[in-house]
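Using numbering that gives the first Met the number 0, you'd call the opening residue of the sequence shown number 0 and step up by one each time.
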Amino acid sequence: MNKINQITPSFRKNRPLRQPAVSTNKDTRLKLTDRDYAILIFVATNRFVTSRQIRDLFWQAADTHNHYSRLRKLVRAGLLEYLVGDNSSRLGYRLTQKGIDVLPSEILKAKAISHRSFSYRTSFDHDKLLQAIRGVIEKSPLVSGYMPEHEVRSLLALRHGKEEKKDSGYKVPDGLFELKTDKKTLRVAIELELTMKSEVRYRKIFRELLTSTDFDVVFTIAANERMTEALVAIANQVKANDPIVRDWPKKRGLYFATLEKVLSEGQKAIFKGDGPPFSLGSLETRTSKKPQGQHNPNTGC
0 MNKINQITPS
10 FRKNRPLRQP
20 AVSTNKDTRL
30 KLTDRDYAIL
40 IFVATNRFVT
50 SRQIRDLFWQ
60 AADTHNHYSR
70 LRKLVRAGLL
80 EYLVGDNSSR
90 LGYRLTQKGI
100 DVLPSEILKA
110 KAISHRSFSY
120 RTSFDHDKLL
130 QAIRGVIEKS
140 PLVSGYMPEH
150 EVRSLLALRH
160 GKEEKKDSGY
170 KVPDGLFELK
180 TDKKTLRVAI
190 ELELTMKSEV
200 RYRKIFRELL
210 TSTDFDVVFT
220 IAANERMTEA
230 LVAIANQVKA
240 NDPIVRDWPK
250 KRGLYFATLE
260 KVLSEGQKAI
270 FKGDGPPFSL
280 GSLETRTSKK
290 PQGQHNPNTG
300 C
């Protein structure tokens, strides 16, 4: 149960001492285990999860198929439901209202309720890839405090006093984390772009990213090389021609990489942009060896 304790350290003190049995439609009763509650909490903090994610997180390597049996029981008990794609294929799992009701805190319940509206394939693909990217990023010892998009959205809405809308004046990135360097700790925003939007929309996006006070650097991960080149060209036009960006006292550093490289090369994937190219791996090496006081003026690295 070590993995469970790491994921939900406050779980045991929040749950009741006696676990109520959960009745199913077949008039049988399922006694929830610590692992069951940890799974429900994990699903609650994500929009949806796959069976493989649950297996890797909550089962030992030797238990190859036991997770399927337990997940089926949670589905039959009405706590989880299948997330179905456009072609009726099963994509993963999400909480039912009944599953939300047994969560140990009101904050988790509110978060899970806000996630239930996301059930389309495009959202699933985007979030699934972001989870994979997060896995790559968090392997770096320089990275801490990763926040997924829904948490960033809540944080920035409180900070700006309003939710992100067309004319709200700020941009909610797909993720936010802290990157430690020998000089300082940077706030890094993640943007994942899978399909090309209009140039007008991207000009607005890059203006908000470059003039944001919510982070220091932006890592944009694009679907392919062609899309990366197009985004770099638009970003350069904005930096050169947008009067707001041109006169902004401290523009944010923009760096680009392709999705394929990030997922296949991991810590060795190269980001290119406003300073010298780097990877998280090379940044770790450079940070550990660099004398104090030397840093890249664009990224603080």
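By construction, the Cβ of each residue, glycine as well, lies at the ideal position given by its N, Cα and C atoms.
Reduced DSSP secondary structure (H/G/I, E/B, other) of residue i
i      : result
Ile78  : Reading off the sequence shown, one finds Leu at residue 78, where the question assumed Ile. Note: Leu78 maps to coil in three-state DSSP.
Ala232 : helix
Ile220 : strand
Arg51  : helix
Phe214 : coil
Gly168 : coil
Lys271 : strand
Val101 : coil
Leu282 : helix
Val177 : A small correction: the amino acid at residue 177 is Glu; Val does not occupy that position in the sequence shown. DSSP places Glu177 in strand when its eight states are reduced to three.
Gly160 : coil
Gln59  : coil
Asn24  : The predicted position of Asn24 is uncertain, since its pLDDT is 45 and thus under 50; a value taken from the coordinates is nonetheless stated next. Looking at Asn24 - three-state DSSP - the assignment turns out to be coil, as it is neither helix nor strand.
Proximity below 8 Å, CB of residue i to CB of residue j
i      : j      : result
Leu191 : His149 : no
Val231 : Phe255 : yes
Arg202 : Val237 : yes
Leu178 : Leu141 : yes
Ala111 : Ala43  : yes
Val187 : Phe218 : yes
Tyr145 : Arg133 : yes
Leu94  : Val83  : no
Leu73  : Asp35  : yes
Glu198 : Ile243 : no
Gly274 : Gly252 : yes
Phe57  : Ala76  : no
Ile53  : His66  : yes
Enclosing alpha helix (DSSP H) for residue i [first to last residue]
i      : result
Ile243 : Pro242 to Arg245
Lys260 : Leu258 to Glu264
Lys203 : Glu198 to Leu209
Phe41  : Asp33 to Ala43
Straight-line gap, residue i to residue j (C-alpha atoms, nearest Å)
i      : j      : result
Leu154 : Ser278 : 28 Å
Leu70  : Arg245 : 54 Å
Arg205 : Tyr92  : Looking at the sequence shown, residue 205 is not Arg but Phe. Phe205 and Tyr92: Cα-Cα distance of roughly 34 Å.
Lys249 : Thr210 : 7 Å
Asp33  : Ile40  : 11 Å
Phe270 : Arg200 : 23 Å
Lys183 : Thr286 : 11 Å
Leu258 : Asn223 : 7 Å
Leu282 : Glu80  : 42 Å
Phe117 : Pro103 : At Phe117, the pLDDT of 49 sits below 50, so the modelled position is not reliable; the number obtained from the coordinates is stated separately. Near 22 Å, if we compare the C-alpha coordinates of Pro103 and Phe117.
Gln266 : Glu207 : 28 Å
Gly226 : Met195 : One point to set straight first is that residue 226 is Met, not Gly, in the sequence displayed. Approximately 7 Å, taken between the alpha carbons.
Ala239 : Val48  : 42 Å
Gly98  : Tyr169 : 34 Å
Phe176 : Val135 : 13 Å
Asn235 : Asp55  : 42 Å
Phe10  : Leu31  : Here Phe10 scores only 40 on pLDDT, less than 50, and its place in the model should not be relied on; the value that follows carries that caveat. Approximately 13 Å between the Cα atoms of the pair.
Ser321 : Asn45  : Lying before the first or after the last residue shown, residue 321 is absent from the chain, which here runs from 0 to 300.
Glu137 : Ala131 : 10 Å
Residue i: first and last residue of the uninterrupted beta strand (DSSP E) it sits in
i      : result
Arg186 : Thr184 to Glu192
Arg93  : Arg89 to Leu94
Ser143 : Val142 to Pro147
Lys30  : Arg28 to Lys30
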